[in-house]
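Take a look at the structure below.
2 protein chains.
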Amino acid sequence: MASKLLHLHICDQLRDLKAVSHESLVIGAIENAFKRMDEQIEREQMTRLVAGGCCALAVVYLLGKVYVANAGDSRAIIIRNGEIIPMSREFTPETERQRLQFLGFLRPELLGNEFTHLEFPRRIQHKELGKKMLYRDQNMHGWAYKRIEEDDLKFPLIYGEGKKARVMATIGVTRGLGDHDLKVYNSNIHIKPFLSCVPEVRVYDLTQYEHCPDDVLVLGTDGLWDVTNDREVADVVTEVLMGYEPNDPCRYTMAAYELVVRSRGVLKERGWRLANDKLGSGDDISVFVIPLGGPGNYT
Amino acid sequence: MASKLLHLHICDQLRDLKAVSHESLVIGAIENAFKRMDEQIEREQMTRLVAGGCCALAVVYLLGKVYVANAGDSRAIIIRNGEIIPMSREFTPETERQRLQFLGFLRPELLGNEFTHLEFPRRIQHKELGKKMLYRDQNMHGWAYKRIEEDDLKFPLIYGEGKKARVMATIGVTRGLGDHDLKVYNSNIHIKPFLSCVPEVRVYDLTQYEHCPDDVLVLGTDGLWDVTNDREVADVVTEVLMGYEPNDPCRYTMAAYELVVRSRGVLKERGWRLANDKLGSGDDISVFVIPLGGPGNYT
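Top to bottom, those sequences are chains C and Z. Heads up, the first sequence is in our numbering, so the first residue is 3 and it goes up one at a time. Heads up, the second sequence is in our numbering, so the first residue is 3 and it goes up one at a time.
Here's what the structure looks like:
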């Protein structure tokens, strides 16, 4: 009898864990940590009157797995045997268009009578009222025609292309921490409701592959990726690592250093220039190169 | 001068088409056609007092491309040289969890004080108030712990697993047409705001590959896929097609017929039974088998 009751009690306790893997618990914990961090920044911004915000990229290593959590426009890649494995994606007005438009559609008051949640390929002029124009709504992937109404003359919630895409003509990164006080220029419209502090967490199982000392995880801010693509980063890392003994720990620091220096460029008469004479990165360049296999793993 | 002005006029006209490919125009047109269809059903449901709704799977062939538009739990696959290419995905409370929770979170009035937008692994009992429980919010992929509050005792917006997952304990398919009058049993809470009539449109370029007469697009309702998986469908199709000359047009009809018959099963004493003695599909079984290469393409 007691054993049956115990069985029932165990089942009862385990019900909580229905379909919830160990991995999802770690992911949930990281997601909530980002939320707590954002709340803490909000409290401290009020008391200490500090403004601003930033993207956040965090790595957690737990029980053989690497969890890469990204909110913003930093990027993480794994370089394994020369192959590139993306470990994050950027969050911009373009990649998050549907989430942003859906919010603007459901909560039009957040658009402050200045913006429309609809997307148009260009600004519409008043004289075009009643004409047909291509548009894209929150639930659409394609473009279709609509007749222009008064409301469509407002500025689009999402406007601009590529690096110039902006939410409410203000911000080009749609996830991150802080920025609680950010408003549209010369208005009382808050940007924060459209920003998410929740990261996307990707998981990499270190036990699935035997890593050699040249296999690394590279974390970089937008300053790196603006001027150096994944392939170039992988090539620089491989090149630098080759110049050092596999068991020399400073080889990873030197690879990160080299990536920063190459993306910054050299100060010439016409500003900081890269090796190809293009402008160096004007943004913050922070880089981490983290080995995935110790020297003991070297085969 | 005139040529420069003309150039400006041409640029002006082309601005509308910024980044808008021919493909996105077709996709947008199909998406809007589904919306118009849903509006028409709403009008006719009111005047003719017809209730109900359905999923919708449509195929458009235009300028060498096949557009497969799916809203609901039907499925389309291409069988090419024995290989299976998925051309749709199902829309269920589980696959659309975040969209549904986000809506419930932003518009709590749609939950009618009966449901909570949070997901819990099981129903919570009143005596558990104040205890810790796993939950998942609209912006989370992982699970985390929270202290149970009064509001968490409400029924979860999304509940159940797999084929038994339901939105507001009512519907297991989250996209489709109609159902404008559907309400939660014994309540005044409408389901329709949570249903989307917008299809996902996938594009297949017929010109990228030389198709033989055995390459087909298979469209089927849930009655087919509930009891027959992609691989089995592909095997049945290949088997039937082999029994006919490549230029015999009735071979495709026979393949569809065979798929329906096998998924329905045979009437025995204990109901309709499949070849493996499992229960046949109790749902509607409609199947189309559409050749992608004519007999002229046969090599």
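Just so you know, even glycine gets a beta-carbon here, dropped at the ideal spot from N, CA and C.
For Z/S76, the closest C-alpha among the options Z/A277, Z/V220, Z/Q127, Z/C252 is that of Z/V220.
Straight-line spacing of the CA atoms in Z/A53 and Z/L102 works out to 23 angstroms. The beta carbon of Z/I29 lies closer than 6 angstroms to those of V203 in the same chain, with the five residues before and after it left out.
C-alpha of C/F117 to C-alpha of C/A167: approximately 15 angstroms in a straight line. In this structure, C/V200 lies away from C/E41, with their beta-carbon atoms at least 8 angstroms apart.
Taking 8 angstroms as the cut-off between beta carbons, the residues of the region 115 to 146 of chain C near chain Z are P123, R124, M135, L136, R138, N141, M142, H143, G144, W145, A146, in sequence order.
Between C/G180 and the set C/G295, C/E25, C/R38, the nearest pair of CA atoms involves C/R38. DSSP, reduced to helix, strand and coil, places C/L281 within a strand of the structure shown. Burial check for Z/M142: the Cβ neighbour count within 10 Å reaches 16 or more, so the residue is buried. Interface annotation, C/R177: not in contact with chain Z, CB-CB separation never under 8 angstroms. For C/V61, the closest Cβ of chain Z is not nearer than 8 angstroms. Per DSSP, the unbroken alpha helix (DSSP H) holding C/N34 starts and ends at 24 to 50. The distance from the Cβ of C/V291 to that of C/A257 is about 5 angstroms, consistent with a contact at the 8 angstroms cut-off. One Cα belongs to Z/V205, the other to Z/P110, and the distance between them is close to 36 angstroms. Between the alpha carbons of C/L120 and C/I193 lies a distance of about 17 angstroms. Between the alpha carbons of Z/L243 and Z/Q100 lies a distance of about 42 angstroms. Proximity of C/V203 to chain Z, defined by a Cβ-Cβ separation below 8 angstroms, is satisfied. In this structure, DSSP gives C/C252 a helical state, which the three-state scheme calls helix. Look at the beta carbons and you see the region 206 to 219 of chain Z not touching the region 262 to 270 of chain Z: under three pairs across the two are nearer than 8 angstroms.
With respect to the 8 angstroms criterion, C/G162 and C/G74 are not classified as neighbours on the basis of their beta carbons. Ranked by Cα distance from Z/T209, the first of Z/S283, Z/P251, Z/G295, Z/L105 is Z/G295. At a cut-off of 8 angstroms between beta-carbon atoms, Z/G30 makes contact with chain C. Beta-bridge partners of C/P88 (DSSP): C/I79.
For the pair C/N83 and C/E247, the Cα-to-Cα distance works out to about 17 angstroms. Assignment of beta-bridge partners to Z/I160 by DSSP yields Z/V169. With contacts defined by Cβ atoms closer than 8 angstroms, C/F93 and C/T172 do not form a contacting pair.
For C/R109, the nearest CB of chain Z lies under 8 angstroms from its own CB, placing it at the interface with that chain. Look at the region 200 to 234 of chain C and you find these whole runs of alpha helix (DSSP H), each 4 residues long or longer: 224 to 227. As DSSP reads the structure, C/V262 sits in no beta bridge. When the alpha-carbon of C/R124 is set against those of C/D154, C/L64, C/V68, C/N190, the nearest one is in C/D154. Per DSSP, reduced to three states, the secondary structure at C/P293 is strand.
Taking each of Z/T97, Z/N188, Z/M48 in turn and checking the Cα distance to Z/G174, the smallest one comes out for Z/T97. The shortest CA-to-CA distance from C/G106 to any of C/M170, C/A35, C/V186, C/L281 is the one to C/M170. For Z/L59, the uninterrupted beta strand (DSSP E) run begins and ends at 58 to 64, by DSSP. Taking the Cα positions, Z/K148 is about 11 angstroms away from Z/D139.
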